[in-house]
Structure formats: structure tokens, C-alpha cells
Amino acid sequence: MTLERTLSIIKPNIVAKNLIGKIINKFEITGFKIIGIKMIRLNKQQVENFYKLHINRYFFKDLVNFMISGPIIVAILESENAIKLHRELIGDTNPLKALKGTLRAEYADSYTENGFHGSDSEKSAMFEINYFFRKDEIFSGVN
Ligand code: IDP
Ligand code: MG
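See the structure below:
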């Protein structure tokens, strides 16, 4: 059994709608272990750096403004195949394409305000986890 970690973000629109508990519960009943979690509010520079691969895309400015609009929940989820399973749970980036039962199909407000983030590879998971969490904020194998 190889445990994998992924970085999950509950974006500002979902936090604003008081859905944190529902989403966290969904993560747990799906089989993820939450090994790190916090509420933070990002500034412009932090969002731009996090999403730097998208800097030239037409939606970048809207994305940054959305992501700084309120607090978010960042969490590290651990399970076998966590990266793929978490992306399946949140659904397609475009909520109109997201399968029924996925989080984006159910809770997204628009393409940009799609509610959730999940790492898309081992490399990005490592970058993203280190972006938000210190080593002593990660609790793997302790309970
Ligand atoms: P992902 O979040 O599913 O990995 P990415 O392509 O990495 O999707 O895009 C990052 C975020 O940028 C998306 O979650 C969404 O908020 C926003 N975004 C991506 N593509 C579009 C688009 O074509 N229109 C509007 N917003 C977009
Ligand atoms: Mg992405």
C-alpha cells in the first residue's frame, strides 16, 4: 500500500456559503485522511505565485481577484491514489462538464468560481503542500 498526498483547496465561494463542514465530511467519508488543514486568506502575490503557470491565460486576473476575495481552506489529504481520487471527487474544471455527483457539479458558481482545487500530479502536489504547510503542520501516521 502506497499512501499519496494531495493538496486540496476549498475556494472562497464555498467557504462564504457555509459549506466547509459538508465538504470536509465528504473528504472523510470518501476515505481520505486529513493530515493537515488551515483557514487562510491569500494576498495577490501569493495567488499569482500559486497559479503562475496560468499567468498568460485570459482568466488569470479574474482568478486572482476571486481567490483573494475571502478566506479559503487548505488541506492535505492522504490515501492511496489521493491525487487522482481527489480530482475525480471534485470533477472537471469546467462545472458544466463536471459529472453529476462531483463537488463542482453540485457547488460551483462558474468556470472561474468553481469552488475547489486539487493537485494534478505528484510534482504539483509536492510544490503545493510545501507552499502552504510547514513540516510540523503535517500529521501523517500519528493517529
Ligand atoms: P484545475 O483547478 O481543475 O486544476 P486549471 O486548469 O489548473 O484547473 O485552472 C486553475 C483554475 O483557473 C480553475 O480551477 C478555475 O478556477 C480557473 N480556470 C481554468 N480555466 C478556466 C477557463 O477557461 N475560464 C475561467 N476560469 C478558468
Ligand atoms: Mg490545476
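Residue numbers (this note's numbering): -9 to 133.
Just so it is clear, CB atoms sit at the ideal spot from N, CA and C, and this is done for glycine as well.
Check: Secondary structure at Glu38, three-state DSSP: helix, strand or coil?
Finding: For this step, residue 38 is matched to residue 48 along the sequence shown. Looking at Glu38 - three-state DSSP - the assignment turns out to be helix.
Notebook entry, point to check: Pick from Ile73, Ser109, Phe122 and Asn84: whose alpha carbon is nearest that of Gly21?
Noted result: Counting from 1 along the sequence shown, the entry for residue 21 is found at position 31. Ranking the options by Cα distance to Gly21, first place goes to Ile73.
Margin query: Report the CB separation of Leu93 from Gly105 in whole angstroms; it is logged as a contact under 8 Å.
Written below: As a position in the sequence shown, residue 93 is number 103, starting the count at 1. As a position in the sequence shown, residue 105 is number 115, starting the count at 1. Sure, about 6 Å apart at Cβ, within 8 Å.
Check: Among the residues of its own chain, which have a CB less than 7 Å from the CB of Ser59, if the five just before and after it don't count?
Finding: Against the sequence shown, residue 59 aligns to sequence position 69. Excluding sequence neighbours, Ser59 sits near Pro2.
Next item on the list: Give me the Cα-Cα distance between Asn84 and Phe50, rounded to the nearest whole angstrom.
Entry: One-based indexing of the sequence shown puts residue 84 at position 94. One-based indexing of the sequence shown puts residue 50 at position 60. Rounded to whole angstroms, Asn84 to Phe50 spans 15 Å at the Cα level.
Notebook entry, point to check: To which residues of the same chain is Ile25 closer than 8 Å at the C-beta, ignoring the five residues directly before and after it?
Noted result: The residue given as residue 25 occupies position 35 in the sequence shown. Here the set comprises Arg(-5), Ile66, Leu67, Glu68, Ile128, Phe129 and Ser130.
Checklist line | Minimum C-alpha distance to Ile80 - residue among Asn46, Asp52 and Ser109 | finding: Reading the sequence shown from its first residue, position 90 is the one you call residue 80. For the residues Asn46, Asp52 and Ser109, the minimum Cα distance to Ile80 belongs to Ser109.
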